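Numbering (our numbering), first residue to last: 1 to 178.
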């Protein structure tokens, strides 16, 4: 489900959008390579984000458009690591000489969710007319203004959390020739 509302008057524009989704897959446990009881396994895949909220407010004055954008999304499903072990092919391998092959042991697939995500972005942009058919667009902004540590994923090899970009200022210029 998706419910957008937008409107504007004069130099002012506002948008508010809410999205809700529930995605569920079923798979044979043999196909997943998982050690789960039962012949059929039901799970929510990584793109199942239940709630998403996005709002944009912009105002234009003196040919400069300033925008504030805020986004929120509930956590996506992921599979937690249960542990790491060494797989030894007994009796063909001898542990003192061949310690085995490292393997990651996972918990039930997609049984946990990443933390809720949200960020605030701000920008200002202006277009400059260089000729009848040529213009230059300049934009200055900051992504993740309040420097929130939003998780991107958990690295199963290092057991480290990997975050999305921190506070990130940017400047862009685009030349348009029509």
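Ideal placement from N, C-alpha and C gives every residue a C-beta, glycine not left out.
These numbers were taken from a predicted model, which means no experiment stands behind them.
Inter-residue spacing [alpha-carbon to alpha-carbon] between residue i and residue j
i           : j           : result
residue 176 : residue 66  : 21 Å
residue 172 : residue 93  : 59 Å
residue 8   : residue 153 : 37 Å
residue 135 : residue 22  : 44 Å
residue 86  : residue 26  : 31 Å
residue 126 : residue 30  : 57 Å
residue 129 : residue 156 : 51 Å
residue 179 : residue 158 : The structure shown does not extend to residue 179, since the chain is modelled only from 1 through 178, so no value can be given for it.
residue 5   : residue 16  : 5 Å
residue 36  : residue 167 : 41 Å
residue 24  : residue 162 : 26 Å
residue 174 : residue 62  : 20 Å
residue 131 : residue 74  : 47 Å
residue 178 : residue 133 : 5 Å
residue 84  : residue 72  : 34 Å
residue 101 : residue 91  : 15 Å
residue 97  : residue 144 : 51 Å
Beta-carbon proximity check, residue i vs residue j, cutoff 7 Å
i           : j           : result
residue 150 : residue 160 : no
residue 77  : residue 110 : yes
residue 148 : residue 119 : yes
residue 11  : residue 60  : yes
residue 80  : residue 107 : yes
residue 53  : residue 82  : no
residue 64  : residue 14  : no
residue 197 : residue 99  : Outside the displayed range of the chain (1 to 178) lies residue 197, so it cannot be described from this structure.
Buried versus exposed call for residue i [16 or more other C-beta atoms within 10 Å across all chains shown]
i           : result
residue 115 : exposed
residue 44  : buried
residue 41  : buried
residue 49  : buried
Cutoff 6 Å; reference residue i; Cβ partners in own chain excluding five residues on either side
i           : result
residue 68  : 57 and 122
residue 70  : 55 and 120
residue 140 : 124 and 171
Distance between beta carbons of residue j and residue i, contact taken as under 8 Å
i           : j          : result
residue 105 : residue 95 : At roughly 18 Å, the Cβ-Cβ gap does not stay under 8 Å, so residue 105 and residue 95 are not in contact.
Residues near residue i in its chain [Cβ-Cβ closer than 7 Å; skip 5 each side]
i           : result
residue 20  : 1, 50 and 51
residue 146 : 120
residue 28  : 39 and 40
Own chain partners of residue i with C-beta closer than 8 Å, once the 5 adjacent residues on each side are dropped
i          : result
residue 46 : 76, 77, 78 and 110
residue 3  : 17, 18 and 19
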